[in-house]
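Chemist: The structure under discussion is supplied below as structure tokens; questions concerning it will follow.
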Amino acid sequence: MRPLAILLAASLPLLAQAPPPPPPMGGGHHLAEALGLSPEQQTKMKAIHEKHASAIKADHEAVRAQAKAFRAAMQDPKSDQAALRQAFDQMNAARFQTLLEGRAMREEMRAVLTPDQQAKADAMKADFRARRHERMEHRIQGMQERMEQDQ
């Protein structure tokens with residue numbers, strides 16, 4: 000009994016330590032590993048990402064601002080249809096710009112890949128989409144079941 004008490008007492012400082020930091024966001028390292036990117040390819044990918052990062056961030060901020068303006072216009076009873084249309088169009092233009100910037104970045108990154116890596120990336124993308132679709136179907140089914148139970 001005494002050794003167990005000593006062990007527990009000795010381990011208390013470990014419990015007081017901060018937890019380890021979370022893994023880095025983005026999962027790029029997993030993708031690099033899955034595709035078998037060379038160090039040179041990883042460097043190129045990072046440079047492409049950094050090249051587009053500020054524009055993508057600015058685009059996302061513009062989308063948020065335009066979406067906020069659109070929501071405000073929708074809630075304002077004084078907003079006529081023309082004002083709502085203008086706010087909606089501005090929001091969608093900002094979204095479209097974000098899509099274009101992301102597409103340009105993906106095209107540049109794809110050009111770094113070998114044909115085999117491109118095929119593997121395409122297969123991974125198709126698998127991701129299929130799993131996402133399955134999750135959505137599962138969520139919808141769960142919602143429908145809960146609605147039926149509530150009736």
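The opening position of the sequence shown corresponds to residue 0 in numbering that gives the first Met the number 0, with each subsequent residue numbered one higher.
All residues carry an ideal CB built from backbone N, CA and C; glycine is no exception.
Note that the structure is predicted; figures quoted are calculated from it, not measured.
Give the single residue among Gln74, Ser78, Pro76, Phe95 whose Cα lies nearest to the Cα of Val62.
Modeler: When only C-alpha atoms are compared, the closest one is Phe95.
Chemist: List the endpoints of the continuous alpha helix (DSSP H) containing Pro76.
Modeler: Where Pro76 is concerned, there is no enclosing alpha helix (DSSP H), given that its DSSP letter is neither H nor E.
Chemist: For Thr97 and Ile55, which I take to be in contact (beta-carbon distance under 8 angstroms), what is that distance rounded to the nearest angstrom?
Modeler: So it is a contact: roughly 7 angstroms between Cβ atoms.
Chemist: Three or more C-beta pairs under 8 angstroms: does that hold for the stretch 73-80 against the stretch 105-117?
Modeler: Cβ pair count under 8 angstroms is below three, so no.
Chemist: Pick out the complete alpha helix (DSSP H) segments inside the stretch 105-137, 4 residues or longer, and give them in chain order.
Modeler: With a minimum length of 4 residues, no continuous alpha helix (DSSP H) run stays inside the stretch 105-137.
Chemist: So, do the stretch 116-129 and the stretch 28-43 have three or more beta carbon pairs nearer to each other than 8 angstroms?
Modeler: Cβ pair count under 8 angstroms is three or more, so yes.
Chemist: For a test of the three-state rule: what should DSSP assign to Ser53, helix, strand or coil?
Modeler: Three-state DSSP puts Ser53 in a helix.
Chemist: Which residues in the same chain as Ala64 place their Cβ atom closer than 8 angstroms to its Cβ, once the five residues preceding and following it in sequence are excluded?
Modeler: The residues are Ala93.
Chemist: Just verifying my parser: in three-state terms, what is the DSSP assignment at Leu36?
Modeler: If DSSP states are grouped into helix, strand and coil, Leu36 belongs with coil.
Chemist: Classify Ala72: buried if its beta carbon has 16 or more other beta carbons within 10 angstroms, exposed otherwise.
Modeler: So Ala72 counts as buried.
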